[in-house]
Structures are given as structure tokens and as C-alpha cells.
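J.:
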């Protein structure tokens, strides 16, 4: 990545500061924007949608505030969205579902509330979904199974309720399922035994009842339970 001491034109047009910022350009188009441990202390500007070729947006631990602008998720080339460890809030916009090529959605350690929008059922290319350490609620949606390539589903430290959907057993590429520190209940579905690639299964600090299903004996790759 091209290390910039100043963002110059970018900073003027898109309201971004230069603290710890890296920009990757291709044929004069910005395709990646990375800020770590910055001091932005502002919301994501609507004008970021002018970066039509942007595929990688990574702003971590940089004191971003406000909600996610819905227009952000109309950028046609976004594949990686990593905005963890900021001070973002509000609900997750339904426009998230417009990113059909999205592979990584990392929104951990913010202040998002509300439920997971139904539009996420359209993210069939998704591999990593991290929504942990927010204030999300509602049930874990059955449409998670619409992302067959999903490898990591991390929803810990929220306020999710209800049961683990049986359909989760259809996500056979899942390697990490972290649902601890929620308000989940009911019995553990036997379909979990279909997750042959599962390495991490963390369900602690919930309200599950009943016995451990025998099907979990099929999880031969499991390392952490």
C-alpha cells in the first residue's frame, strides 16, 4: 500500500484525516482505504460513495461515530468491510444486502442495536461475519444458511434470544461458531453435527437446556467446545 503523509485531495473531498492512513490506488482509482488507530472522531461521510472502485474498507480503532450511511453499501465493488473497534451505532442498514460480492463483514465492538436485517440473506459470497460485542437483539436468522461458504459466524456478547436455527447445520464450511454471552435458549439442534469443518464451538453464558446431542460426536475437527 502507498503510505501517505497527507491525504491531500482525498482528505478534502471525503473528510478523512491522515492519521495512520494507507491508500492503494489502481489507475488513479482508490481501491483500498485502511486506517488503524486513527483519531477520526467523526462519522463516515456520505461522499465516500464517490470512491466507486473501492473494494477494501478497513477503519479499525479510529473513533468512528454515528451510523453507517446506507449509500456506503451501494458501492458496487466492495468485498471487504472491516469497521471494528469504533463507536458506531444505530441499526444495520438493509442496504447491506446489496453487496453481492461481500466476503468479509467485520463490525465487532461497536454500539449497533436492533436485529440482523433480512437483506443479509442475499450475501451468498460471505465468508466472515463478525457482529460481536454490540447491542444486537432478536433471533439468529435462519437465512444464515443462504451463505454456504460462511467460515466464521461470530455473534458473541450481544442480546440475541431464541433458539439456534436447525438450518445452521447446512453451512458445512463453518469453522468457527461463537454465540456465547447472549440470551439464547432451548435445546442444541442435532444439525450441529453436520458441521464437519467446525473447529470452534463456543456457546457458553446462555440459557440452553437439555442434553448434548449425540451428533456432536461427528465433529472430528473440533478443538474448542
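Residue numbers (the working numbering): 1 to 225. For each residue, glycine too, the CB sits at the ideal point set by N, CA and C.
Suppose you measure from the CA of residue 34 to the CA of residue 217; what does that come to, to the nearest Å?
T.: For residue 34 and residue 217, the distance between alpha carbons rounds to 42 Å.
J.: Under the assumption that residue 55 contacts residue 80 (Cβ atoms under 8 Å), give the Cβ distance between them as a whole number of angstroms.
T.: With 8 Å as the limit, residue 55 and residue 80 qualify as a contact, their Cβ atoms being about 7 Å apart.
J.: I'd like to check one pair, residue 124 with residue 88: are the Cβ atoms closer than 8 Å?
T.: For residue 88 and residue 124, no; Cβs fall outside 8 Å.
J.: Please go through the same chain and pick out, in chain order, the residues whose beta-carbon is closer than 6 Å to the beta-carbon of residue 138, but skip the five residues on each side of it.
T.: Here the set comprises 115.
J.: Looking only at its chain, what residues have a beta carbon closer than 6 Å to the beta carbon of residue 95, apart from the 5 residues adjacent to it on each side?
T.: For residue 95, where only same-chain residues beyond five positions count, the Cβ hits under 6 Å are 70 and 73.
J.: In chain order, what residues of the same chain lie with their CB nearer than 6 Å to the CB of residue 162, ignoring the 5 residues before and after it?
T.: These residues qualify, in order along the chain: 139.
J.: Is residue 4 buried or exposed, if buried means 16 or more other CB atoms sit within 10 Å of its CB?
T.: Note that residue 4 scores 26 on pLDDT, short of 50, meaning its location in the model is unreliable; the coordinates nonetheless yield the value given after this. It counts as exposed.
J.: Within 10 Å of its beta-carbon, does residue 105 have 16 or more other beta-carbons around it, so buried, or fewer, so exposed?
T.: Counting Cβ neighbours within 10 Å, residue 105 comes out buried, since at least 16 surround it.
J.: How would you label residue 271, buried or exposed, when you count the other beta carbons within 10 angstroms and need 16 or more for buried?
T.: The structure shown has nothing for residue 271, since the chain only spans 1 to 225.
J.: Would residue 40 be called buried (16 or more neighbouring beta carbons within 10 Å of its own) or exposed?
T.: Residue 40 comes out buried.
J.: For residue 32, which of helix, strand or coil comes out of DSSP?
T.: Three-state DSSP puts residue 32 in a strand.
J.: Taking 6 Å as the limit between beta carbons, can you name the residues of its chain near residue 210, skipping five residues before and five after?
T.: Same-chain partners within the cutoff: 187.
J.: Could you tell me the distance, in whole angstroms, from the CA atom of residue 63 to the CA atom of residue 85?
T.: If I take the Cα positions, the gap works out to 8 Å.
J.: What three-state label does DSSP hand residue 44 in the structure shown?
T.: Correct three-state label for residue 44: coil.
J.: Can you say whether residue 212 is buried or exposed, counting buried as having 16 or more other CB atoms within 10 angstroms of its CB?
T.: By the 10 Å Cβ count, residue 212 comes out exposed.
J.: Can you tell which of 170, 136, 157 and 121 has the C-alpha that lies nearest to the C-alpha of residue 143?
T.: Cα-wise, what sits closest to residue 143 is 121.
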